[in-house]
Every structure is written in structure tokens, then in C-alpha cells.
Amino acid sequence: MLNGKTILVTGGTGSFGHKFVEMVLKKYKPKKIIIYSRDEFKQDMMRKKFKEHSKDLRFFIGDVRDKDRLYRAFDGVDYVIHAAAMKQVPACEYNPFEAIKTNIHGAQNVIDAALDRGVKKVIALSTDKAVNPINLYGGSKLVSDKLFISANAYSGGKGTRFAVVRYGNVAGSRGSVIPFFKQLIEAGERKLPITDFRMTRFWITLEEGVELVFKALDEAKGGETYISKIPSFKITDLAKAMNPNAILEEVGIREGEKLHEVMITKDDSRMTYEYDKHYIVYPHFDWWSSERHFTNGGRLIEDGFEYNSGTNREWLNVECLRKLLIELNMMPLVENIEEVEIAREY
């Protein structure tokens, strides 16, 4: 699929970009992978990390806000993975105009450049926060998703196809709860703050996120939103898995935070199909047709279905979470022998 192809990743120096490059180089032989981002220090660090593959990588300084720079970068590109975004909820709330420039205007620039440069396919990364958004980050990503889906109506004979891949917080990603708990535990804190004891989240790893992008690159015909079938967990169980002796302290839900992650709304269920390991939400537009755009093998889900981390069918308990954390090297380094032995059991 990606052999001999040129792939560009916007925001490519982030956690996703690192794992995407690693997995592409293991599975395929691309012509080149272009890392497009605005931080030269992170690019230099990434260049050193993948120094053995220097002939396969290109590093392009640029911002998705800069349409001219995108036009230059997209020249000769086959596939674009759009991962660039302002993602921190508090930063977006305090700097709303900047979030709009990156997450909305930047998305429009990527679409225009892809259409005019003849890119074959664009996969945009989304978030659960774009579903029934209650903060600016989610609102801006909802608009971004709508732009990418609707962009298929403008591709015409050029053939550029746009699709979206949606998932929640990736396990262990920067700014997520796992490294936060890990840091507190390693610093000797006995109390772990829980915003609400009822809170749940979906569990997805970077590898699973990249695999879903591969699937979208391979089969998307334009307009789809891909969502992985993944398990849920309770935040309290995560805290117990990381430190069985921790004291859990409920501190109150933060502004813009949800009790549960929602990936598919009840209203979207009428156009959502279930596949073996994922769901696809199809658009409801005149330009979309089942003959040209539908992926075979799916089953229409029941009307009123909601994919919610709080009502999910599959769950991870404390033991499962601990095992996964150990596999991902995310367990805190603790001096307490009892805790170390508990971790080793799994």
C-alpha cells in the first residue's frame, strides 16, 4: 500500500508521528516520509532517533496556518496524515483565536493544498472531544472534521479522498492521566487526585491508533469516520493498578471535562456500520452513495446506539490494566517491595 509512496505527516514530531514513522518503516518501503512541523528542536531530536533511516525521512519546517508553505510541502505527495492541532483544553480555552487558526483555518489550508497538489488521500486525526463538544478544543475539532468530510464534494475529477480517524486519549500520551499518576507516585505521593470517581475512558495504544490509520489509508473511499472497537476502564481502577496502596481523593471535575468519552452519538447511529474491529460513520450528503463509497462487510448498528466509555461492552479490570501498563513500560518505578512484587505477578 505505501511501498514507493511519498507520505507527509503534519505535526509529525508528536507521539503519533514517532509511532507512525516507526511502524511504516517496519511494514513498508516508502519513497520518503515528510515530517511537517514548526518546532526545529523536536525535528532534530526525531532526526537523531531515526538516523539509520535518514534516506527515508525529510524534515520540513512549517505551520499548517501557512498555506503557501503547505503548497510547497505537498508537491509530489501521495498521502497526507493530518495530526497537527492545538490539543490542550486549557490552552485552547485561554487562547481561542489561536486554536481556531490552527485547528480550523489550518484544516482548511490542508484541504486546499491537498486538492490543488493532487494528493491521493488525506486522513485527518480526530478526538472524542469533537463529539457533542463542551470545550473549544472539541468545538474546533468538530468543525475540522466537518471540513474534511465535506471536502470530498470538492475533489471532483482530481480524485483526492478525505477521511477521518477518531479516538480518545492514547494510553501514556503527553498530557494524559497515566504519566501524571506515574510522576506523582514516583515522587512519593500517597494520594492520587481523581476528578470524579465515576469517570471512565476508552483504552487505545499508539500502535492501535496507527493501525486504524493504515486501514483508512487502504480502504477509505471518501467521507468515512473510522472508530476502533476498544475496551473501557474506570479511572479509579487505573489508579489502583498503578499503586494498590494509593489513597484516592476526589477533587471535582474540571471545566470542559466529561465523565465519559463518547465516540458515536445516538444521532450518528443511523449512518454507522459495525465491522470486525472497528466502526465506520458514513456521511449523509447527496454526493455520497453506497455504490461508490461503502466498504463491504459492515452491519448497520441498531438505531439509538451510542458508543460511550461508560456503557461499553468490553472492560479492563485492575489486573488487566496493570498487565497492559507493564507491557507498555508505563508502571511507576516504586521503592516499595510489596508494590513491585504485585506488579511482577502479572
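Numbering (my numbering), first residue to last: 42 to 387. Glycine residues also receive a C-beta, built at the ideal position from the N, C-alpha and C atoms. These figures come from a predicted structure and were not determined experimentally.
Check: Does the distance from the C-beta atom of Asp104 to that of Arg110 stay below 8 Å?
Finding: Indexing the sequence shown from 1 puts residue 104 at position 63. Indexing the sequence shown from 1 puts residue 110 at position 69. Between Asp104 and Arg110, the C-beta spacing is below 8 Å.
Margin query: I'd like the ranges of any alpha helix (DSSP H) spanning at least 4 consecutive residues and lying wholly in the segment 96-139.
Written below: Fully contained in the segment 96-139 are the following alpha helix (DSSP H) runs of length 4 or more, in chain order: 108-114, 130-135.
Margin query: So, at 7 Å on beta carbons, what are the nonlocal neighbours of Lys60 in its own chain, with the 5 sequence-adjacent residues on each side left out?
Written below: On the sequence shown, position 19 is the one that residue 60 refers to. Result list for Lys60: Leu247, Glu248, Val251, in chain order.
Note to self: Give me, in chain order, the residues of the same chain whose beta-carbon lies closer than 6 Å to that of Asn353; leave out the 5 immediate sequence neighbours on both sides.
What the structure shows: For the purposes of this step, residue 353 is taken as the residue at position 312 of the sequence shown. Same-chain partners within the cutoff: Ser273.
Note to self: Using only CA atoms, which one of Arg88, Glu296, Val206, Leu279 lies nearest to Glu63?
What the structure shows: For the purposes of this step, residue 63 is taken as the residue at position 22 of the sequence shown. Of the residues Arg88, Glu296, Val206, Leu279, the one whose Cα lies closest to the Cα of Glu63 is Arg88.
Margin query: On the CB-based measure, 16 or more other CB atoms within 10 Å of its CB, does Asn370 come out buried or exposed?
Written below: To locate residue 370, count along the sequence shown from 1; it is residue 329. Flag for Asn370 reads exposed.
Checklist line | Cβ pair Ile152, Phe189 closer than 8 Å | finding: Here residue 152 corresponds to residue number 111 of the sequence shown, with the count starting at 1. Here residue 189 corresponds to residue number 148 of the sequence shown, with the count starting at 1. Cβ distance < 8 Å, so Ile152 and Phe189 count as in contact.
Item checked: Straight-line Cα distance separating Met312 from Asn44 -> Stepping through the sequence shown from its first residue, residue 44 is reached at position 3. Stepping through the sequence shown from its first residue, residue 312 is reached at position 271. The straight-line gap from Cα to Cα measures roughly 33 Å.
Item checked: Same chain only: Cβ atoms within 8 Å of Ala148, ignoring 5 sequence neighbours per side -> To locate residue 148, count along the sequence shown from 1; it is residue 107. Excluding residues within five positions, the ones whose Cβ falls inside 8 Å are Val105, His123, Ala165, Val184, Ser185, Leu188, Phe189.
Check: Short check: CB of Ile76 to CB of Phe101, under 8 Å?
Finding: Walking along the sequence shown from the start, residue 76 turns up at place 35. Walking along the sequence shown from the start, residue 101 turns up at place 60. Yes, the Cβ-Cβ distance between Ile76 and Phe101 is below 8 Å.
Next item on the list: Assess, as a yes-or-no matter, whether the segment 262-270 is touched by the segment 192-206 under the definition of 3 or more beta carbon pairs within less than 8 Å.
Entry: The segment 192-206 makes contact with the segment 262-270: 3 or more CB pairs, one atom from each, lie closer than 8 Å.
Check: Exposed or buried, which one is Tyr135 when buried takes at least 16 other CB atoms within 10 Å?
Finding: In the sequence shown, counting from the first residue as 1, residue 135 sits at position 94. By the 16-neighbour rule on beta-carbons within 10 angstroms, Tyr135 is exposed.
Next item on the list: Tell me whether Pro131 is buried or exposed, calling it buried when 16 or more other Cβ atoms sit within 10 Å of its Cβ.
Entry: Here residue 131 refers to the residue found at position 90 when the sequence shown is read from its first residue. By the 10 Å Cβ count, Pro131 comes out exposed.
Checklist line | Cβ shell of Ala384 (< 7 Å), same chain only, five flanking positions each side left out | finding: In the sequence shown, residue 384 corresponds to position 343, counting from 1. Annotation note: pLDDT 43 at Ala384 (below 50); position unreliable, coordinate value reported separately. Once the five neighbours on either side are set aside, the close Cβ partners of Ala384 are Arg363, Ile367, Met372.
Item checked: Pairwise C-alpha distance: Ser310 and Glu343 -> Within the sequence shown, the letter at position 302 stands for residue 343. Within the sequence shown, the letter at position 269 stands for residue 310. The alpha-carbon atoms of Glu343 and Ser310 are separated by roughly 7 Å.
Checklist line | With 16 other Cβ atoms within 10 Å as the buried cut-off, status of Ser78 | finding: Counting from 1 along the sequence shown, the entry for residue 78 is found at position 37. Taking a 10 Å sphere around the C-beta of Ser78, we find 16 or more other C-beta atoms and assign the residue as buried.
Margin query: Rounded to whole angstroms, what is the Cα-Cα separation between Ser331 and Thr277?
Written below: Here residue 331 corresponds to residue number 290 of the sequence shown, with the count starting at 1. Here residue 277 corresponds to residue number 236 of the sequence shown, with the count starting at 1. Straight-line measurement puts the Cα of Thr277 at about 43 Å from the Cα of Ser331.
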